[in-house]
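*Asks:*
There are 2 protein chains.
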Amino acid sequence: MRRTKAEAEETRNSIISAAERVFFEKGVSNATLEDVAKAAGVTRGAIYWHFSNKTDLFLELYNSVPMPQEDMIAREIEEPGSDVLCYIEKAAGDWLDEMAGDEHRQRILTILLRCAYSEDLLPVLERQQEVDDRHVALLENAFAKARKEGYLNANWTPQSATKALWWMMGGLCSEWLLFGRRFDLAAEGKEGLKRLFGSFRHIPASIDMATSADFQPVA
Amino acid sequence: MRRTKAEAEETRNSIISAAERVFFEKGVSNATLEDVAKAAGVTRGAIYWHFSNKTDLFLELYNSVPMPQEDMIAREIEEPGSDVLCYIEKAAGDWLDEMAGDEHRQRILTILLRCAYSEDLLPVLERQQEVDDRHVALLENAFAKARKEGYLNANWTPQSATKALWWMMGGLCSEWLLFGRRFDLAAEGKEGLKRLFGSFRHIPASIDMATSADFQPVA
DNA sequence: AATTTAACATACACATCTGTTTGTATAAAT
DNA sequence: ATTTATACAAACAGATGTGTATGTTAAATT
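Top to bottom, those sequences are chains A and B.
For what it's worth, this note's numbering labels the leading residue of the first sequence as 93, then goes sequentially.
For what it's worth, this note's numbering labels the leading residue of the second sequence as 93, then goes sequentially.
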């Protein structure tokens, strides 16, 4: 029974939404199109009407998620005056908040992490890598600016600070996503960010009590 | 044609070895027992003789890898005199060396990372988690000792230092393993460790040139 | 030496998943 | 008011993978 254009788009979206849940629960390769169809309340016929196969569905799912506002950091770096490190830390913290609150992104990232990339979904891997590379480049620029303006502790270089932050965020999110999200991502993550950025900052030999208050150990 | 006991054990091992390679390349759920059999130079009959099914084979593969010497850190912590942080950093660096040089462990960990845990391989997940928890506990003890003996910078607590190190190592290895190992794990990792542990250490207000040489930025 | 049994290879039955084809009802076009 | 094309459901054919059953050979056992 033919539906109106809007209804068709609706079922298409419901299929993508169902695929997200099913792929997340069973893994992409373990999930069958029958599973997805059942979860979406349609038959495989509907899926094959809207998508050519499972790989295509996966790609469309991947494309459907509005990827993070990549220029958030970029714009904030331009701010000439104040401490760049604060902006980076805030951006990282905000990213954690969004991740903690956005189940869609959680599922998508988990699927991507667990996905064994066969040749046919190699474009996904490449796009993922491009996004990562851009983020890393932005971070390096930001840390370079921080260094130029004297905010970066001499112990760190822009590259090493970028990598430390990147790896820590990656390890944090991986553990949270892959091992059942059994801790408070935003809280623990921000706590870690606070410590790490504390070490990023330049601490003058004469201890300034006003700023060093941020570096007190937390019980 | 019946083989001798030693020969049978040999084929069993070759099956496990083949499973390691095949699971790594195609992912556990995409890999078929026919693939494994072909890679091992046997038929599925041999596999079903030695293992009850694919899940069982996977579990035996997981059990076959000699898991890391967990007490390495534990023993070194006991050393009463010198800087505990040096031991932890060295242990972490050694771990990276071993990982970089041990293709078995690389494949196993990659398989585990990419594996979508269905209910039947839940024991693997749990064991993995136990190992991780023990490692984290050891690290916390070590950092606690470092703190007690005055080596740990006031910016850090034993818990936060443990988490920062753990997450950084996790993110580092995840990126290396999941994205094609396209950088020098040991070199870049140790560089990062050097910076991080530099910030872990207590830097007195009066700058000691002898030790601060370690904290110069590296080109 | 005859028998048994371990260590597989081979063959088969069964289920499952996929891709395609056909059917069908309805919205849209004429 | 027909016709047509859309948006699916239902049915079908083919491939693939699994588990098991059976066959086979040589090592152990007696």
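We put the CB at the ideal spot given by N, CA and C, even for glycine.
In the segment 184-253 of chain B, which residue ranges form an unbroken beta strand (DSSP E) of at least 3 residues, counting only runs that do not cross its ends?
*Replies:* none
*Asks:* Find the residues of chain B that neighbour GLY271 of chain A, judging by a C-beta separation of less than 7 Å, and give them in chain order.
*Replies:* In the first sequence, counting from the first residue as 1, residue 271 of chain A sits at position 179. According to the sequence shown, residue 271 of chain A is Phe rather than Gly. The answer, in chain order, is GLN221.
*Asks:* Using the three-state DSSP reduction, which class does ARG49 of chain A fall into: helix, strand or coil?
*Replies:* Because chain A in this structure spans residues 93 to 311, residue 49 of chain A falls outside the shown range and cannot be described.
*Asks:* Is ASP186 of chain A close to chain B, meaning its C-beta is less than 8 Å from at least one C-beta of that chain?
*Replies:* Here residue 186 of chain A is taken as the residue at index 94 of the first sequence, counted from 1. Chain B, which has no Cβ nearer than 8 Å to the Cβ of ASP186 of chain A, makes this no.
*Asks:* Assuming ARG287 of chain A and TRP248 of chain B make a contact with CB atoms under 8 Å, what is their CB distance in whole Å?
*Replies:* Here residue 287 of chain A refers to the residue found at position 195 when the first sequence is read from its first residue. Here residue 248 of chain B refers to the residue found at position 156 when the second sequence is read from its first residue. So it is a contact: roughly 6 Å between Cβ atoms.
*Asks:* Could you check the C-alpha separation between GLY242 of chain B and ASP175 of chain B for me, to the nearest Å?
*Replies:* As a working mapping, residue 242 of chain B is identified with position 150 in the second sequence. As a working mapping, residue 175 of chain B is identified with position 83 in the second sequence. Rounded to whole angstroms, GLY242 of chain B to ASP175 of chain B spans 9 Å at the Cα level.
*Asks:* Could you check what DSSP says for ARG287 of chain A in three-state terms: helix, strand or coil?
*Replies:* On the first sequence, position 195 is the one that residue 287 of chain A refers to. Residue state, collapsed to three classes: helix.
*Asks:* How would you call PRO215 of chain A, buried or exposed, if buried means at least 16 neighbouring beta carbons within 10 angstroms?
*Replies:* For the purposes of this step, residue 215 of chain A is taken as the residue at position 123 of the first sequence. Exposed, by the Cβ-count rule.
*Asks:* In the DSSP assignment, the alpha helix (DSSP H) including ASN145 of chain A goes from what residue to what residue?
*Replies:* Residue numbering aside, residue 145 of chain A sits at position 53 when the first sequence is read from its first letter. Looking at the DSSP string, ASN145 of chain A is not in any alpha helix (DSSP H), and its letter there is neither H nor E.
*Asks:* Which bits of chain B does TRP141 of chain A rub up against, with CB to CB less than 8 Å?
*Replies:* Taking the first residue of the first sequence as position 1, residue 141 of chain A is located at position 49. In chain order: nothing, as chain B lies at least about 26 Å away.
*Asks:* Identify the contact partners of ARG287 of chain A in chain B, using a Cβ-Cβ distance below 7 Å as the criterion.
*Replies:* If you number the first sequence from 1, residue 287 of chain A lands on position 195. Simply ASN247, TRP248, SER252, ALA256.
*Asks:* Are the C-beta of ARG206 of chain A and some C-beta of chain B separated by less than 8 Å?
*Replies:* Position 114 of the first sequence, counted from the start, is the residue given in the question as residue 206 of chain A. Cβ-Cβ to chain B under 8 Å: yes for ARG206 of chain A.
*Asks:* Are the Cβ atoms of TRP314 of chain A and LEU264 of chain B separated by less than 8 Å?
*Replies:* Lying outside 93 to 311, the shown extent of chain A, residue 314 of chain A is not represented and no answer is given.
*Asks:* Give the single residue among B:GLY284, B:GLN251, B:ARG199 whose Cα lies nearest to the Cα of ALA111 of chain B.
*Replies:* In the second sequence, counting from the first residue as 1, residue 111 of chain B sits at position 19. Comparing alpha carbon positions, the residue from B:GLY284, B:GLN251, B:ARG199 closest to ALA111 of chain B is B:ARG199.
*Asks:* Please check if any C-beta of chain B sits within less than 8 Å of the C-beta of MET301 of chain A.
*Replies:* As a first step, residue 301 of chain A must be located in the first sequence, where it is residue number 209. Any reading at MET301 of chain A needs caution, since the residue's pLDDT is 40, under 50, leaving its predicted position unreliable; the model's value is listed next. No, MET301 of chain A lies away from the interface with chain B (no Cβ there is under 8 Å from its Cβ).
*Asks:* Select from A:ILE107, A:LEU257, A:ARG94, A:GLU101 the residue whose C-alpha is nearest the C-alpha of ALA183 of chain A.
*Replies:* Walking along the first sequence from the start, residue 183 of chain A turns up at place 91. Closest option to ALA183 of chain A, Cα to Cα, is A:LEU257.
*Asks:* For chain B, check one thing: does any of its Cβ atoms lie closer than 8 Å to the Cβ of GLY242 of chain A?
*Replies:* Against the first sequence, residue 242 of chain A aligns to sequence position 150. False, the Cβ-Cβ gap to chain B never drops below 8 Å.
*Asks:* Considering only C-alpha positions, which residue in the set B:ASP212, B:ALA279, B:MET191 is nearest to VAL120 of chain B?
*Replies:* The residue you call residue 120 of chain B lines up with position 28 of the second sequence. For VAL120 of chain B, the nearest C-alpha among the options comes from B:ASP212.
*Asks:* Looking only at its own chain, which residues have a Cβ that is under 7 Å from the Cβ of SER156 of chain A, when we skip the five neighbours before and after it?
*Replies:* Reading the first sequence from its first residue, position 64 is the one you call residue 156 of chain A. Correct list, in chain order: ILE108.
*Asks:* Between the alpha carbons of LYS251 of chain A and LEU270 of chain A, how many angstroms are there, rounded?
*Replies:* Here the question's residue 251 of chain A lines up with position 159 in the first sequence. Here the question's residue 270 of chain A lines up with position 178 in the first sequence. Going by the sequence as given, residue 251 of chain A is Gln instead of Lys. Rounded to whole angstroms, GLN251 of chain A to LEU270 of chain A spans 27 Å at the Cα level.
*Asks:* Using 8 Å as the threshold, is the C-beta distance between ASN245 of chain B and ILE180 of chain B below it?
*Replies:* Residue numbering aside, residue 245 of chain B sits at position 153 when the second sequence is read from its first letter. Residue numbering aside, residue 180 of chain B sits at position 88 when the second sequence is read from its first letter. For ASN245 of chain B and ILE180 of chain B, no; Cβs fall outside 8 Å.
*Asks:* Excluding five sequence neighbours on each side, which residues of the same chain lie with their C-beta closer than 7 Å to the C-beta of SER304 of chain A?
*Replies:* Locating residue 304 of chain A in the first sequence gives position 212, counting from the first residue. Per-residue confidence for SER304 of chain A stands at a pLDDT of 40, beneath the threshold of 50, marking its modelled position as unreliable; no derived number is given.
*Asks:* When you compare the CB of LEU213 of chain B with every CB in chain A, is at least one pair closer than 8 Å?
*Replies:* The count along the second sequence starts at 1 and reaches residue 213 of chain B at position 121. Output row for LEU213 of chain B: interface = no.
*Asks:* State the DSSP-derived secondary structure class of GLU99 of chain B, mapped to helix, strand or coil.
*Replies:* Locating residue 99 of chain B in the second sequence gives position 7, where the first residue counts as 1. Helix, per DSSP.
*Asks:* So what's MET159 of chain B in DSSP terms, helix, strand or just coil?
*Replies:* Residue 159 of chain B sits at position 67 when you count from the first residue of the second sequence. Looking at MET159 of chain B - three-state DSSP - the assignment turns out to be coil, as it is neither helix nor strand.
*Asks:* Where does VAL114 of chain B land, buried or exposed, given buried means 16+ other C-beta within 10 angstroms?
*Replies:* Counted from its first residue, the second sequence places residue 114 of chain B at position 22. Buried, since its Cβ has 16 or more Cβ neighbours within 10 Å.
*Asks:* With distances taken Cα to Cα, identify the nearest neighbour of THR124 of chain B among B:ARG104, B:TRP141, B:ASN145.
*Replies:* Working through the second sequence from its first residue, we reach residue 124 of chain B at position 32. Residue B:ASN145 is the option with its Cα nearest to THR124 of chain B.
*Asks:* Report back the beta-carbon spacing between ALA132 of chain B and SER106 of chain B to the nearest angstrom; my notes put them in contact at under 8 Å.
*Replies:* Within the second sequence, numbered from 1, the residue matching residue 132 of chain B stands at position 40. Within the second sequence, numbered from 1, the residue matching residue 106 of chain B stands at position 14. The Cβ separation is near 5 Å, so the contact holds.
*Asks:* Alpha carbon to alpha carbon, what distance is there between ALA278 of chain B and ALA192 of chain B?
*Replies:* Position 100 of the second sequence, counting from 1, holds the residue named residue 192 of chain B. Position 186 of the second sequence, counting from 1, holds the residue named residue 278 of chain B. Straight-line Cα distance between these residues: approximately 6 Å.
*Asks:* Under 9 Å between beta-carbons, which chain B residues line up against ASN122 of chain A? List them in chain order, please.
*Replies:* As a working mapping, residue 122 of chain A is identified with position 30 in the first sequence. What ASN122 of chain A touches in chain B: SER121, ALA208, SER210.
*Asks:* Mapping the DSSP letters down to three states, classify ASN122 of chain A as helix, strand or coil.
*Replies:* One-based indexing of the first sequence puts residue 122 of chain A at position 30. In this structure, ASN122 of chain A counts as coil in the three-state DSSP scheme.
*Asks:* Does ARG190 of chain A get closer than 8 Å to chain B when you measure Cβ to Cβ?
*Replies:* Taking the first residue of the first sequence as 1, we reach residue 190 of chain A at position 98. The identity of residue 190 of chain A in the sequence shown is Glu, whereas the question assumes Arg. For GLU190 of chain A, the answer is no, since every Cβ of chain B falls outside 8 Å of its Cβ.
*Asks:* Assuming LEU201 of chain A and TYR209 of chain A form a contact by the criterion Cβ under 8 Å, report the distance between their Cβ atoms to the nearest whole angstrom.
*Replies:* On the first sequence, residue 201 of chain A is found 109 positions in, with the first residue counted as 1. On the first sequence, residue 209 of chain A is found 117 positions in, with the first residue counted as 1. LEU201 of chain A to TYR209 of chain A, Cβ: 15 Å. No contact.
*Asks:* Could you tell me which chain B residues have their CB closer than 7 Å to the CB of GLY133 of chain A, listed as they occur along the chain?
*Replies:* Mapped onto the first sequence, residue 133 of chain A falls at position 41. Within 7 Å Cβ-Cβ: nothing; GLY133 of chain A doesn't reach chain B, min ~24 Å.
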